[in-house]
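Each residue of the sequence shown is one higher than the one before, starting from 0 at the first, in my numbering.
Yeah, the Cβ is synthetic: ideal placement off N, Cα and C, and Gly gets one too.
Here the structure is a predicted model, which means the values were calculated and not measured.
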Amino acid sequence: MYTIEKEQIPRDYAYVQDDNVILKDDDGSIVRRLFFQERVFVYRKRSGQVLIMDQYGNSGWVGQEHLSKQFVSDIAIPLEGVEYGIYSVKDKPFKDYLKVKGAYISPYGEDFALRVVERIKDGPINTLVLDYHDDEGYVLFESKIAEKLAPGSSNLIYGDGEAFIRHLKDEGFHLIARIVAFKDPIYAAQNTDRAIRHSDGSLLIADGQYWNSPYDREVWDYLLALSNEALELGFDEIQFDYVRFPDSFEDDMLAHNEYNEGRAEAIQKFLMFIKGNINNKDAIISADVFGWAAIELADVTIGQQWEALSNIVDVISPMFYPALYGRGVFDFDSPVSHPYEVLKISIKNALERNSNIKTAALIRPWIQGWDYSLDDINLQIKALEEAGIEEFIIWDPDGNYPIEGLRQ
Numbered sequence: 000m001y002t003i004e005k006e007q008i009p010r011d012y013a014y015v016q017d018d019n020v021i022l023k024d025d026d027g028s029i030v031r032r033l034f035f036q037e038r039v040f041v042y043r044k045r046s047g048q049v050l051i052m053d054q055y056g057n058s059g060w061v062g063q064e065h066l067s068k069q070f071v072s073d074i075a076i077p078l079e080g081v082e083y084g085i086y087s088v089k090d091k092p093f094k095d096y097l098k099v100k101g102a103y104i105s106p107y108g109e110d111f112a113l114r115v116v117e118r119i120k121d122g123p124i125n126t127l128v129l130d131y132h133d134d135e136g137y138v139l140f141e142s143k144i145a146e147k148l149a150p151g152s153s154n155l156i157y158g159d160g161e162a163f164i165r166h167l168k169d170e171g172f173h174l175i176a177r178i179v180a181f182k183d184p185i186y187a188a189q190n191t192d193r194a195i196r197h198s199d200g201s202l203l204i205a206d207g208q209y210w211n212s213p214y215d216r217e218v219w220d221y222l223l224a225l226s227n228e229a230l231e232l233g234f235d236e237i238q239f240d241y242v243r244f245p246d247s248f249e250d251d252m253l254a255h256n257e258y259n260e261g262r263a264e265a266i267q268k269f270l271m272f273i274k275g276n277i278n279n280k281d282a283i284i285s286a287d288v289f290g291w292a293a294i295e296l297a298d299v300t301i302g303q304q305w306e307a308l309s310n311i312v313d314v315i316s317p318m319f320y321p322a323l324y325g326r327g328v329f330d331f332d333s334p335v336s337h338p339y340e341v342l343k344i345s346i347k348n349a350l351e352r353n354s355n356i357k358t359a360a361l362i363r364p365w366i367q368g369w370d371y372s373l374d375d376i377n378l379q380i381k382a383l384e385e386a387g388i389e390e391f392i393i394w395d396p397d398g399n400y401p402i403e404g405l406r407q
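This is the structure we're talking about:
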């Protein structure tokens, strides 16, 4: 196989125009199959053949007729460096019998969690989302990775974490480990040279916290290691939250962007890295996204372009909380007063965006639980059901999840 150093890769690339195009070595042996609309770097041409390198570092020859400079897609704003073609790693065996009806359990300790579980265990909720790595950078279960790479980040609020997880599984719950990705004040404070900084060198504070750079491959390694730990502990699924840039990020900030990547490109490549390197290849990988990502055609300025994310993860969870939509959105003076309509419009947009790509993720929205009545929650679920969406997760930090009368 030809070896092409990264420094030799030109910014000359093309898109594969056919399915199952064979990448061959110089002796004619098969390197791999390329997928439709995959972006490849063009290195050299000869007699109708092109020497290319793919996104994984594989190099070889393909027929020139299979490549084009034009990206063919219904995507309104294709972003440079983002892959929209068939993503061949999307072959996870979803549990057909389990349609996730989930609830988030705030990290208030084991007693709080068990009280919530006792109240909801005989109802329609079959899935719990628990923080493994939280918004403040703490790892809430015993972690050798945290001790090694982020000393002081352990906060064992569940006592014997292994026994706690085993108890929840014995109660019949599907367990999702929520891993906050790039908002991490502990790791960032210990690695200031690689955290996001202002141009004067001072650390960026966004949402009250320091942030790691989504460009930083060492952070990727840390998050991968935490994900593997969570799966080994007994979690069924990894869900990345804050898998984005801070909304106050500006392009002139210092962010350790060694490969000159765009925001959406970096977020997508991070998720590709996780999918390709997770130890349990059957584990489901999901990502939380701003609800507005289903409407905004680019990346909402934070690296979250709908198609770029949905193309890679197994499950995409937009946060369709009516309370977070401002006055005038969808022509409502008070969107929070219109839970059914807000969800109906939001999921319609999400489904339309999913139709732009061939390997789209399953849509499992977050819906609002706090400050809402049972009727309000059911109206959100009704809007999803009418659109063909069978899964959801309710967010209520206080854990006041209704059981009797919850739409099933």
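Taking C-alpha atoms, which residue in 44, 48 and 17 lies nearest to residue 408? Missing from the structure shown is residue 408; the chain here goes from 0 to 407 and no further.
Top-ranked residue by Cα proximity to residue 179, from 166, 172, 160 and 213: 213
Under a Cβ-count criterion, where at least 16 other Cβ atoms within 10 Å of its own Cβ denotes burial, should residue 258 be classed as buried or exposed? exposed
Exposed or buried, what is residue 84 when buried is set at 16 or more other beta-carbons lying within 10 Å of its beta-carbon? buried
Coil, strand or helix - residue 184 by DSSP: helix
Nearest candidate by alpha-carbon position, reference residue 126, set 147, 175 and 105: 175
Assuming residue 308 is part of the alpha helix (DSSP H), what are its boundary residues? 305 to 309
Near residue 104, which residues of its chain fall below 7 Å by C-beta distance, leaving aside the five closest residues on each side in sequence? 112, 115, 127, 128, 129 and 398
Name the two residues that bound the continuous alpha helix (DSSP H) containing residue 111. 109 to 119
Give me the residue from 292, 327 and 61 with the minimum Cα distance to residue 306. 292
Taking the alpha carbon of residue 80 as the reference point, which residue from 262, 375 and 102 has its own alpha carbon closest? 262
When the Cα of residue 181 is compared with those of 25, 232 and 248, which residue comes out closest? 248
Assign residue 193 to buried or exposed, taking buried as 16 or more other Cβ atoms, counted over all protein chains shown, within 10 Å of its Cβ. buried
In the DSSP assignment, the alpha helix (DSSP H) including residue 219 goes from what residue to what residue? 216 to 232
What is the DSSP secondary structure of residue 166, reduced to helix, strand or coil? helix
Which of helix, strand or coil DSSP assigns to residue 65: helix
In DSSP terms, what residue 262 is bridged to: Partner(s): none; residue 262 has no beta bridge.
What residues match up with residue 284 in a beta bridge as DSSP calls it? 237
So is the beta-carbon of residue 200 under 6 Å away from any non-hydrogen atom of the ligand NAP? The ligand NAP is absent from the structure shown, which contains no ligand whatsoever.
Over what stretch of residues does the alpha helix (DSSP H) that includes residue 345 continue unbroken? 338 to 353
Assigned exposure category for residue 9 - 16 Cβ within 10 Å defines buried: Any reading at residue 9 needs caution, since the residue's pLDDT is 48, under 50, leaving its predicted position unreliable; the model's value is listed next. When all chains shown are included, residue 9 counts as exposed.
Would you kindly check if the distance between the Cβ of residue 353 and the Cβ of residue 316 is under 7 Å? no
When the Cα atoms are used, what is the spatial distance from residue 40 to residue 355? 24 Å
Taking residue 152 as the reference, give the member of 169, 183 and 370 with the closest Cα. 183
I need the boundaries of the beta strand (DSSP E) containing residue 29, first residue and last residue. 29 to 33
Taking residue 323 as part of the alpha helix (DSSP H), name the residues at either end of that continuous run. Run containing residue 323: none; DSSP gives neither H nor E here.
Measuring straight from C-alpha to C-alpha, what distance separates residue 344 and residue 124? 25 Å
Around the Cβ of residue 97, are there at least 16 other Cβ atoms within 10 angstroms (buried) or fewer (exposed)? exposed
List the residues that DSSP assigns as beta-bridge partners of residue 417. Since the displayed the chain opens at 0 and closes at 407, residue 417 lies outside it and no answer follows.
Compute the Euclidean distance between the alpha carbons of residue 117 and residue 204, then round it to the nearest angstrom. 39 Å
Would you check if the distance between the CB atom of residue 320 and the CB atom of residue 367 is smaller than 7 Å? yes
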